[in-house]
Amino acid sequence: MEELSRTWWVYLVRGICAILFGLVTLVWPAITVYALVVVFAAYAIVDGVFALFGAGRGAASGSRGWMIFYGVVSVLTGIAVFAWPKMTALILLLFIAAWAVVTGVLEIVAGVRLRKAGVNEWMFIIGGALSLLFGVLLFVWPAAGVLTVVWLVGIMAVVYGAALVVLAFQVKGLASRRPGPSGTPRVV
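The numbering used here puts the first residue of the sequence shown at 764, with every later residue one more than the last.
Written as structure tokens, this is what we have:
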């Protein structure tokens, strides 16, 4: 507990940084959208590479074709997003929407195939349905999708930062409430 109270300032700095990040996100959403472009592109490429690796390592023969298709679509989506990083948020959102629809359909197909094999398929089917629904919603309301994601990230960062700041002062106060060697409260 003593070591924790000595590093209270770490929580304070982290909290202040999170609050600043959240405020920047809310004030300048374009910066956040660009960062999401880069992170999504990297994720899509890595996800696609692992899907291709899984297909090459002997995924069930019936699903191997789907896994290869998914891997190729994911890698190509990531490369396209990296190649045109200044594309509009709307186009990026349409890429993400298409990717979510393809992912959703393929996960539902995988769930149905797993059902035939006697495996618990519900998580695949639920995940696929959620991904499909997310993609369709982005196609229907693309502008609201970008702004909503940016606002949620900003609000979450501010709330998280505020919680860390409160925690920092609570942890700092622990040292002063802890009794000293003679049982009397210690003053720090």
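Each residue gets a CB set at the ideal place from its N, CA and C atoms; glycine is no exception. Here the structure is a predicted model, which is why all the values come from computation and not from measurement.
Between residue i and the rest of its own chain, which residues show a CB-CB distance below 7 angstroms, the 5 nearest in sequence each way excluded?
i: F784; result: A920
i: F897; result: A863
i: Y923; result: A781
i: R769; result: none
i: F803; result: V844, I859
i: K935; result: S768, W771
i: V913; result: T788, P792, T795, V796
i: V800; result: V844, P848, L855
i: D810; result: S837
i: G867; result: G891, A892, S894, L895, G898
Tell me whether residue i sits in a helix, a strand or coil according to DSSP, three-state version.
i: P952; result: The chain is shown only over 764 to 951; residue 952 falls outside these bounds and no answer can be derived.
i: T770; result: coil
i: V934; result: helix
i: R820; result: coil
i: E870; result: helix
i: W847; result: coil
i: W904; result: coil
i: V951; result: Only weak support is given to the placement of V951: the predicted model assigns it a pLDDT of 49, under 50, and the value that follows is read from those uncertain coordinates. Coil.
Please report the straight-line C-alpha distance between residue i and residue j, rounded to a whole angstrom.
i: M830; j: A818; result: 6 angstroms
i: T795; j: L915; result: 11 angstroms
i: I889; j: W847; result: 33 angstroms
i: F816; j: L789; result: 39 angstroms
i: Y774; j: L927; result: 6 angstroms
i: I918; j: L900; result: 22 angstroms
i: F832; j: T911; result: 31 angstroms
i: R777; j: Q933; result: 15 angstroms
i: R876; j: A798; result: 37 angstroms
i: M886; j: V929; result: 38 angstroms
i: L839; j: G891; result: 21 angstroms
i: I779; j: A931; result: 11 angstroms
i: R861; j: A925; result: Sequence inspection shows Ala at residue 861; the Arg mentioned does not correspond to that position. Near 36 angstroms, if we compare the C-alpha coordinates of A925 and A861.
i: A873; j: L786; result: 41 angstroms
Excluding the 5 residues flanking residue i on each side, which residues of the same chain have their C-beta closer than 6 angstroms to its C-beta?
i: R878; result: E884
i: V835; result: none
i: G841; result: A804, A807, I808
i: V865; result: V836
i: I871; result: I888, G891
Identify which residue in the options has its Cα closest to the Cα of residue i.
i: L869; options: S894, V912, I859; result: S894
i: R827; options: L839, F813, T840; result: F813
i: F902; options: L857, A798, V800, G778; result: L857
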